[in-house]
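Colleague: Input: one structure, supplied below.
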Amino acid sequence: MERSEGAVIVTMRSNPVNRMNPEFFADLHAAFDAVEHDHPALPVVLTAEGKTFSAGLDFEDVFPRFARNDMDELQAWFDEFRRSLLRVFSLPRRTVAAINGNTFAGGLILAVACDVRVGAEGRARFAINEVPVGIPMPWTYIEMVRYAIGTPATAAMTLSGQLYDVAAAERLGVLHRVVAPEQLLATALAEARRIGVDSASAYAASKLALQQPTMAAIAAHPELDRMAMQVVMAPDSVRAQASALAGLKKRD
Numbered sequence: 004m005e006r007s008e009g010a011v012i013v014t015m016r017s018n019p020v021n022r023m024n025p026e027f028f029a030d031l032h033a034a035f036d037a038v039e040h041d042h043p044a045l046p047v048v049l050t051a052e053g054k055t056f057s058a059g060l061d062f063e064d065v066f067p068r069f070a071r072n073d074m075d076e077l078q079a080w081f082d083e084f085r086r087s088l089l090r091v092f093s094l095p096r097r098t099v100a101a102i103n104g105n106t107f108a109g110g111l112i113l114a115v116a117c118d119v120r121v122g123a124e125g126r127a128r129f130a131i132n133e134v135p136v137g138i139p140m141p142w143t144y145i146e147m148v149r150y151a152i153g154t155p156a157t158a159a160m161t162l163s164g165q166l167y168d169v170a171a172a173e174r175l176g177v178l179h180r181v182v183a184p185e186q187l188l189a190t191a192l193a194e195a196r197r198i199g200v201d202s203a204s205a206y207a208a209s210k211l212a213l214q215q216p217t218m219a220a221i222a223a224h225p226e227l228d229r230m231a232m233q234v235v236m237a238p239d240s241v242r243a244q245a246s247a248l249a250g251l252k253k254r255d
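Residue numbers (my numbering): 4 to 255.
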């Protein structure tokens, strides 16, 4: 984390492609704890290093959890995952994702949890690819993505698992702007600084009001999140997960 003239940059580097596992979530919370303690009211730019913003869930961490068929363990894991993404989504200040590369699954949900998304030109790919690997999209995440990009785009991405290039991601609303890679951070900082510290309270109140229907919908249907946790342990889901993990290991 570093301060940059009226904004704070949080750079994810928990592992080479920011796969989401307990260590990643702990790092994310530590960074935002520091942001809230040390930099009150400043806007935040969230970014990463290399060619990947976040590859999403760490298959080697989560698929064994699913296969153990322990609902208590799974619920505790999901609660922390959910808490991490909702923390970014509902942060009462301006948040800008500077998306440096590939952004998949939970990583894409984290990106769209930010108020503004700036992408870099190039060969990056974007996907909500949970369904093809045997993971249903939890209600909480569907509502977060729906808030960010609308129902038709959310449905298209969720139900197809399709890979999209940068241009398609911009058309879908995943990206608000696309710039040359060398301009990415400067552009994201400029977007963050649109709201000065004297407007922080007005921004926070407006964001809270805008997100209220989404947060209310999330709170109203916890049973749909529980259903998702049950479906990941279904025999066909476990087979899809095993196939996806084998494919990943073969590529590695």
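Note that beta-carbon positions come from the ideal geometry of N, C-alpha and C, so glycine has one too.
For clarity, every value in this text was computed on a predicted model and none was experimentally measured.
(1) Quick one: what does DSSP say GLY153 is sitting in, helix, strand or coil?
(2) On the three-state DSSP scale, how would you describe ALA100?
(3) At 3 residues or longer, what runs of the beta strand (DSSP E) sit wholly inside the segment 156–183?
(4) If you count every other CB in all the chains shown that lies within 10 Å of the CB of MET74, and 16 or more means buried, which is it?
(5) Can you look up ILE12 in the DSSP assignment and give me helix, strand or coil?
(6) Rank ARG97, VAL234, GLY104 by C-alpha distance to the C-alpha of LYS210 and give the top, closest one.
(7) Please state the DSSP three-state secondary structure of ALA193.
(8) Is the segment 127–142 touching the segment 153–172 in the sense that three or more CB pairs, one from each, lie closer than 8 Å?
(9) Please tell me whether ASP41 and THR143 are closer than 7 Å, where the distance is taken between their beta carbons.
(10) With the cut-off set at 7 Å, would you say GLU52 and ARG16 are in Cβ contact?
(11) Please go through the same chain and pick out, in chain order, the residues whose beta-carbon is closer than 6 Å to the beta-carbon of TYR150, but skip the five residues on each side of it.
(12) Between which two residues does the beta strand (DSSP E) containing SER204 stretch?
(13) Exposed or buried, which one is PRO46 when buried takes at least 16 other CB atoms within 10 Å?
(14) Taking the beta strand (DSSP E) that ALA123 falls in, what are its first and last residues?
(15) Looking at the structure shown, is ARG128 part of a helix, part of a strand, or coil, going by DSSP?
Modeller: Let's see:
(1) To locate residue 153, count along the sequence shown from 1; it is residue 150. Coil, per DSSP.
(2) The residue labelled residue 100 in the question sits at position 97 within the sequence shown. When secondary structure is reduced to three states using DSSP, ALA100 falls in the strand class.
(3) Restricted to the segment 156–183, the beta strand (DSSP E) segments that are unbroken, complete and at least 3 residues in length are 180–182, listed in chain order.
(4) As a first step, residue 74 must be located in the sequence shown, where it is residue number 71. MET74 comes out exposed.
(5) As a position in the sequence shown, residue 12 is number 9, starting the count at 1. Annotated three-state conformation of ILE12 is strand, per DSSP.
(6) Residue mapping note: residue 210 aligns to position 207 of the sequence shown, counting from 1. Taking only the C-alpha atoms, the option nearest LYS210 is ARG97.
(7) Position 190 of the sequence shown, counted from the start, is the residue given in the question as residue 193. Reduced to three states, the DSSP call for ALA193 is helix.
(8) Yes, they touch.
(9) Within the sequence shown, the letter at position 38 stands for residue 41. Within the sequence shown, the letter at position 140 stands for residue 143. No, they are not a contact pair.
(10) The count along the sequence shown starts at 1 and reaches residue 52 at position 49. The count along the sequence shown starts at 1 and reaches residue 16 at position 13. With respect to the 7 Å criterion, GLU52 and ARG16 are classified as neighbours on the basis of their beta carbons.
(11) Mapped onto the sequence shown, residue 150 falls at position 147. Its chain contains THR217 as the residues whose beta carbon lies nearer than 6 Å to that of TYR150, once the 5 sequence neighbours on both sides are disregarded; these appear in chain order.
(12) For the purposes of this step, residue 204 is taken as the residue at position 201 of the sequence shown. Run containing SER204: none in the beta strand (DSSP E); it sits in the alpha helix (DSSP H), 203–223.
(13) Stepping through the sequence shown from its first residue, residue 46 is reached at position 43. Burial check for PRO46: the Cβ neighbour count within 10 Å reaches 16 or more, so the residue is buried.
(14) Counting from 1 along the sequence shown, the entry for residue 123 is found at position 120. For ALA123, the uninterrupted beta strand (DSSP E) run begins and ends at 119–123, by DSSP.
(15) Translated into positions along the sequence shown, residue 128 becomes position 125. In the three-state reduction of the DSSP assignment, ARG128 falls in the coil class.
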